[in-house]
Amino acid sequence: DTGVSQDPRHKITKRGQNVTFRCDPISEHNRLYWYRQTLGQGPEFLTYFQNEAQLEKSRLLSDRFSAERPKGSFSTLEIQRTEQGDSAMYLCASSLGTSDRKETQYFGPGTRLLVL
Amino acid sequence: AQTVTQSQPEMSVQEAETVTLSCTYDTSESDYYLFWYKQPPSRQMILVIRQEAYKQQNATENRFSVNFQKAAKSFSLKISDSQLGDAAMYFCAYRSAVTGTASKLTFGTGTRLQVTL
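Which chain is which? The protein sequence lines are A and B, in order. Position 81 (the first sequence) corresponds to 81 in my numbering; numbering is contiguous. Count along the second sequence from 1, add 1000, and you get the number used in my numbering.
Set out below in structure tokens:
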């Protein structure tokens, strides 16, 4: 169990560029979550996958954002035409969903995005 | 929608002393989970403790314990015998246990804990 990993850890981009982040969950975990954390705030939910199916998207996830989880393994989060307001830490978490809902979400180290 | 409020942006405690971090939440649901997560500087978030709303007994994990008051919708974290390694941002979080809802976490704004010698 190597934990949740995210790549890259830091990304600096210019406004208008596209960026893509990757998350590798803990291997046996069937659920994967993306959150966004801005300075001085707690993480906010963006989207959720169970296996390869994207089951919920937050209203925070504008049409410039897209997430995928092909084959139910790693996930990618793409932001198109980045804006300065997209600057934040993007956190990925994974969990093993159980029928009793006692799952625990394990977080990755995050990708810090700065849009200039 | 559920909300989580942490009214203490910063707290300080001396090493070996005890500190309590406050958290209140608002929900119309009766079945849910509450969590405290710790986020050390530049390190990833880790789970400190979890409380199931249907359990009256307060959860404990070594030096960490909670005071869960369901009627008051209060969920405080007590850290005993504080250590330098406890210095971090602490987030209170809520998750619904209602069948059919997503398992997303709703976080508070966090409390930064400083531990002094």
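All residues carry an ideal CB built from backbone N, CA and C; glycine is no exception.
Query: Where K71 (chain A) sits in the DSSP three-state scheme; Result: helix
Query: Reference Y35 (chain A); option with closest CA among A:L114, A:S27, A:F45; Result: A:F45
Query: Closer than 8 Å to chain A by CB, L1047 (chain B); Result: yes
Query: Beta-carbon neighbours of R31 (chain A), restricted to chain B and to distances below 8 Å; Result: S1103
Query: Proximity test, Cβ basis, 8 Å: G1044 (chain B) and chain A; Result: Inspection of the sequence shows that residue 1044 (chain B) is occupied by Gln rather than by Gly. At least one chain A Cβ lies under 8 Å of Q1044 (chain B).
Query: Contacts of T104 (chain A) in chain B (Cβ-Cβ under 8 Å); Result: L1047, R1050
Query: Sequence-distant residues of its chain with Cβ nearer than 7 Å to R1063 (chain B) (five each side left out); Result: I1079, S1080, D1081
Query: CA nearest to the CA of I79 (chain A), picked from A:F65, A:Q50, A:R112, A:Q41; Result: A:F65
Query: Close Cβ partners of Q50 (chain A) (< 7 Å) along its chain, the five nearest in sequence each way excluded; Result: N30, R31, G97
Query: Nearest-angstrom beta carbon gap, Q1002 (chain B) and D1026 (chain B) [assumed within contact, 8 Å]; Result: 6 Å
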